[in-house]
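**Q** When you number the sequence shown by full-length UniProt numbering, it's gap-free, plus one each residue, and the end is 373. The beta-carbon is built from N, C-alpha and C at its ideal position, and this holds for glycine as well. Here it is: the structure, laid out below.
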Amino acid sequence: MAKRDYYEVLGIEKGASPEEIKKAYRKLAVKYHPDRNQNNPEAEAKFKEATESYEVLSDPQKKQAYDQYGFAGVDGMGGPSFNASAFSGFEDIFGGDFSSIFDSFFGGGGRRGGGRRGGPARGSDLRYDMEIDFRDAVFGTEREIEFAHHAHCKSCGGSGAKEGSGKKTCTMCGGAGQVRRSSGFFSIAQPCPTCNGEGVIIENPCPSCRGKGITRETRKLKVKVPAGIAPGKRIRLGGQGDAGPQGGSAGDLYVVIHVREHEYFERSDNDLYCVIPVTFTQLALGAEVFVKTLDNKKIKIKIAAGTDNGKMLRIKNEGVPFLHGNGRRGDMYVKLQVQIPKKLSGKEKDLLKDFAEKHGEEEQPTPIRLRDL
1 MAKRDYYEVL GIEKGASPEE IKKAYRKLAV KYHPDRNQNN PEAEAKFKEA
51 TESYEVLSDP QKKQAYDQYG FAGVDGMGGP SFNASAFSGF EDIFGGDFSS
101 IFDSFFGGGG RRGGGRRGGP ARGSDLRYDM EIDFRDAVFG TEREIEFAHH
151 AHCKSCGGSG AKEGSGKKTC TMCGGAGQVR RSSGFFSIAQ PCPTCNGEGV
201 IIENPCPSCR GKGITRETRK LKVKVPAGIA PGKRIRLGGQ GDAGPQGGSA
251 GDLYVVIHVR EHEYFERSDN DLYCVIPVTF TQLALGAEVF VKTLDNKKIK
301 IKIAAGTDNG KMLRIKNEGV PFLHGNGRRG DMYVKLQVQI PKKLSGKEKD
351 LLKDFAEKHG EEEQPTPIRL RDL
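Structural data, given as structure tokens:
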């Protein structure tokens, strides 16, 4: 397969400055580095291709030979050498701090240079989805949940070793937790396959957990749901998640709240909304009606004469309690909705017709601006 032009490989123009060449190579080296693309031959090939291009174009003499005679000019000088000295130690390429490229690979916390990976570690967090009634979300409740999680083995206390036995240093990696393999001119560190990066091996595994130190268990917990909790909110139960490996601390359990819809009420932040049916005469003449709140109280509200259909009446402090709000509550809003009678007697129809005639109701009413409603 024919080689690609070195400038094309790095994605730069022929007249690129040394700084532009270095910047282009750095970008490709981070993207295709073997440590970041393990078991990916295509990425490894691109990394080598970019490295070869950089070695030639960063060397003034080789660059001049390549610009004049192409690959033949470079081959006449011995070609790319793939040795460490050709890169000025890589520190020059990566801004004087070779660790920055590893930070890119491992999210700022990459291990290198044979550092041990083992030891206690925090366990994973867990999620539990809980569905509760609308009323329970408003006023709070307590529920018992049952869930599966990883716990430290009771037989070995999480060590993974049979009682009376211990661990020994891994002979494959010498306790480093890592082994190195060669990839062309580059040496790559990988977790030791014998000890899984722990640096130690269990001599006699615990029969209960088979040396893992962790067992799968089901447990029950009581969860207190605070009044005023909103749908989608999480309740954190510290230390109730999965146990950590090597005797590490447990993660947290997050209970995610889902709320069933109510038959009549709807919620917006800390306010409650409902619709009550009223008659035309109640709106026209005025009336007093009783409204039932979510906590089953009956509250009397006054409808003023001439109230429009769809009017929203506010009842203070009958809404949703504020979460950790020391007794403060939102408001309750009642929308008045006229119920049109479906069946009318002959006498009722005559009365309505007489009413319409006296009020001069038109067959084609004059439109009203929306803002005036």
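Pick from 180, 16 and 266: whose alpha carbon is nearest that of residue 447?
**A** The chain is shown only over 1 to 373; residue 447 falls outside these bounds and no answer can be derived.
**Q** Cα-Cα, which of 22, 132, 137 and 56 is closest to residue 319?
**A** Within the sequence shown, numbered from 1, the residue matching residue 319 stands at position 319. When each option's Cα is compared against that of residue 319, the closest is 137.
**Q** Which stretch, first to last residue, makes up the beta strand (DSSP E) that contains residue 129?
**A** To locate residue 129, count along the sequence shown from 1; it is residue 129. Note, residue 129: beta strand (DSSP E), 126-132.
**Q** CB residue 151 to CB residue 215, shorter than 9 Å?
**A** Here residue 151 is taken as the residue at index 151 of the sequence shown, counted from 1. Here residue 215 is taken as the residue at index 215 of the sequence shown, counted from 1. Contact: yes.
**Q** Is there contact between the stretch 193-205 and the stretch 141-148, where contact requires at least three CB pairs shorter than 8 Å?
**A** The answer is no - the stretch 141-148 does not touch the stretch 193-205, with fewer than three Cβ pairs under 8 Å.
**Q** Which full runs of the beta strand (DSSP E) of 3+ residues lie inside the stretch 248-328, going along the chain?
**A** Fully enclosed beta strand (DSSP E) runs of 3 or longer: 253-259, 266-268, 271-278, 287-292, 298-303 and 312-315.
**Q** Put residue 167 into one of helix, strand or coil per three-state DSSP.
**A** As a working mapping, residue 167 is identified with position 167 in the sequence shown. Of the three classes helix, strand and coil, the one that applies to residue 167 here is strand, per DSSP.
**Q** What do you reckon, are the CB atoms on residue 322 and residue 328 nearer than 9 Å?
**A** Taking the sequence shown and counting its residues from 1, one reaches residue 322 at position 322. Taking the sequence shown and counting its residues from 1, one reaches residue 328 at position 328. Yes. Within cutoff.
**Q** Tell me which same chain residues have a C-beta within less than 7 Å of the C-beta of residue 127, skipping the five on either side of it?
**A** Locating residue 127 in the sequence shown gives position 127, counting from the first residue. So the qualifying residues of the chain are 254 and 256.
**Q** Express the C-alpha separation of residue 226 and residue 259 in angstroms, rounding to a whole number.
**A** Locating residue 259 in the sequence shown gives position 259, where the first residue counts as 1. Locating residue 226 in the sequence shown gives position 226, where the first residue counts as 1. Using only the alpha carbons, I get a separation of about 13 Å.
**Q** Express the C-alpha separation of residue 165 and residue 244 in angstroms, rounding to a whole number.
**A** Position 244 of the sequence shown holds residue 244. Position 165 of the sequence shown holds residue 165. The straight-line gap from Cα to Cα measures roughly 21 Å.
**Q** Please state the DSSP three-state secondary structure of residue 61.
**A** Indexing the sequence shown from 1 puts residue 61 at position 61. It is helical.
**Q** The beta strand (DSSP E) spanning residue 340 covers which residue range?
**A** To locate residue 340, count along the sequence shown from 1; it is residue 340. That residue, residue 340, is in no beta strand (DSSP E); it is neither H nor E in DSSP.
**Q** When the Cα atoms are used, what is the spatial distance from residue 25 to residue 248?
**A** Taking the sequence shown and counting its residues from 1, one reaches residue 25 at position 25. Taking the sequence shown and counting its residues from 1, one reaches residue 248 at position 248. The straight-line gap from Cα to Cα measures roughly 41 Å.
**Q** Identify the residues that DSSP records as bridge partners of residue 178: which are they?
**A** The residue given as residue 178 occupies position 178 in the sequence shown. Its beta-bridge partners are 191.
**Q** Are there 16 or more other CB atoms within 10 angstroms of the CB of residue 332, so buried, or fewer, so exposed?
**A** Here residue 332 corresponds to residue number 332 of the sequence shown, with the count starting at 1. Classification of residue 332: buried, given that the 10 Å Cβ count is 16 or more.
**Q** How far does the alpha helix (DSSP H) with residue 122 in it reach, from first residue to last?
**A** To locate residue 122, count along the sequence shown from 1; it is residue 122. Unbroken run through residue 122: none, as it is neither H nor E.
**Q** Please report how far the alpha carbon of residue 301 lies from the alpha carbon of residue 291, in whole angstroms.
**A** Residue numbering aside, residue 301 sits at position 301 when the sequence shown is read from its first letter. Residue numbering aside, residue 291 sits at position 291 when the sequence shown is read from its first letter. Answer to the nearest angstrom: the Cα atoms are 7 Å apart.
**Q** Quick check on DSSP: helix, strand or coil for residue 13?
**A** As a working mapping, residue 13 is identified with position 13 in the sequence shown. It is coil, neither helix nor strand.
**Q** Run through DSSP, which three-state label would residue 42 get?
**A** Taking the sequence shown and counting its residues from 1, one reaches residue 42 at position 42. Helix, per DSSP.
**Q** Measuring only from the beta carbon, is residue 345 closer than 8 Å to any heavy atom that is part of the ligand ATP?
**A** For the structure depicted, the ligand ATP is absent and the ligand set is empty, with no information on it obtainable.
**Q** Specify whether the stretch 273-287 and the stretch 302-310 touch according to this definition: at least 3 beta carbon pairs, one from each stretch, less than 8 Å apart.
**A** Judged by Cβ distances under 8 Å, the stretch 273-287 makes contact with the stretch 302-310, as three or more pairs qualify.
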